[in-house]
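In the working numbering, the protein residues as written are 8 to 263.
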């Protein structure tokens, strides 16, 4: 009986080691480089169903910084409204410990992505990584602060602590409204807006803020990303929409 137990333990250990090795080998075989390209490089892949029929959005948040359900619902509706993904859009949420690196540089966010990202393109499914940070951007100032940054073709960061601080102020919009606006805005950059991967069909780029729209009230105005003028865009009407010029750009690149 003792011999049998010993053999059983050896078998279990062997199986565990084998599974672990297979998982590591599988991870090594994943071509992560396709998700580590420049901002806007996957605009058409995200918008159309030509190559990818579904989208998998991995949201990783630092414990205590989970986005509001209302914001996620608004965000998913935005994606469904602007993309062709017949096999659907999946959004998953996962908590991770704090990195302790706040305030963040983009280089530090990139390192966090290396440690926490688990989802990459697979078959006809495109993957996106979104990190909800427990701190601010390192370049923030009193009158100008960053709420989010899209920094690769399928990667973006939301400065959740900054959003929470901002939305707690007197007369500020709700946290869920700000979260949704920033999520949609940053994903607009992944879609290649404005003129960062999706060719503009008209002259509506903001000459003072690269990658942004100059149309009043548009979701892609720079004030949403940088926060200082967000109150002028988010009012009783809630989350801003894309203007007709931005929508025309997306449609020209395979979107709705």
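C-beta atoms are modelled at their ideal positions from N, C-alpha and C, and glycine is treated no differently.
Predicted model only: the values in this text are computed from it and were never measured.
Give me the Cβ distance between residue i and residue j, rounded to the nearest whole Å; I'm assuming they're in contact under 8 Å.
| i | j | result |
| --- | --- | --- |
| residue 233 | residue 173 | Rounded, the Cβ-Cβ distance is 11 Å, inconsistent with contact. |
| residue 180 | residue 241 | 5 Å |
| residue 166 | residue 113 | About 12 Å; that fails the 8 Å criterion. |
| residue 89 | residue 54 | 7 Å |
| residue 102 | residue 136 | Not really, about 15 Å apart at Cβ, beyond 8 Å. |
| residue 147 | residue 58 | About 37 Å separates the two Cβ atoms, so there is no contact after all. |
Have a look at residue i and residue j and give me their C-alpha separation to the nearest angstrom.
| i | j | result |
| --- | --- | --- |
| residue 225 | residue 248 | 6 Å |
| residue 38 | residue 127 | 8 Å |
| residue 149 | residue 60 | 43 Å |
| residue 65 | residue 221 | 31 Å |
| residue 182 | residue 42 | 29 Å |
| residue 104 | residue 119 | 11 Å |
| residue 186 | residue 87 | 18 Å |
| residue 210 | residue 116 | 33 Å |
| residue 195 | residue 188 | 10 Å |
| residue 70 | residue 78 | 18 Å |
| residue 139 | residue 255 | 30 Å |
| residue 110 | residue 251 | 36 Å |
| residue 124 | residue 227 | 27 Å |
| residue 219 | residue 106 | 30 Å |
| residue 52 | residue 175 | 37 Å |
| residue 184 | residue 197 | 20 Å |
| residue 44 | residue 100 | 23 Å |
| residue 154 | residue 145 | 12 Å |
| residue 257 | residue 213 | 17 Å |
| residue 253 | residue 76 | 27 Å |
| residue 83 | residue 215 | 30 Å |
| residue 91 | residue 261 | 8 Å |
| residue 85 | residue 108 | 31 Å |
| residue 40 | residue 223 | 37 Å |
Answer with buried or exposed for residue i, where buried requires no fewer than 16 other C-beta atoms within 10 angstroms of its C-beta.
| i | result |
| --- | --- |
| residue 229 | buried |
| residue 122 | exposed |
| residue 177 | exposed |
| residue 217 | exposed |
| residue 263 | exposed |
| residue 191 | buried |
| residue 80 | exposed |
| residue 74 | buried |
| residue 129 | exposed |
| residue 204 | buried |
| residue 95 | exposed |
| residue 143 | buried |
| residue 8 | Since pLDDT at residue 8 reaches only 45, below the 50 mark, its modelled position is unreliable, and no value is offered. |
Beta carbon of residue i, beta carbon of residue j: below 8 Å?
| i | j | result |
| --- | --- | --- |
| residue 3 | residue 141 | No answer is possible for residue 3: the residues shown for the chain start at 8 and end at 263. |
| residue 62 | residue 133 | yes |
| residue 245 | residue 50 | no |
| residue 160 | residue 48 | yes |
| residue 206 | residue 163 | no |
| residue 208 | residue 156 | no |
| residue 97 | residue 168 | no |
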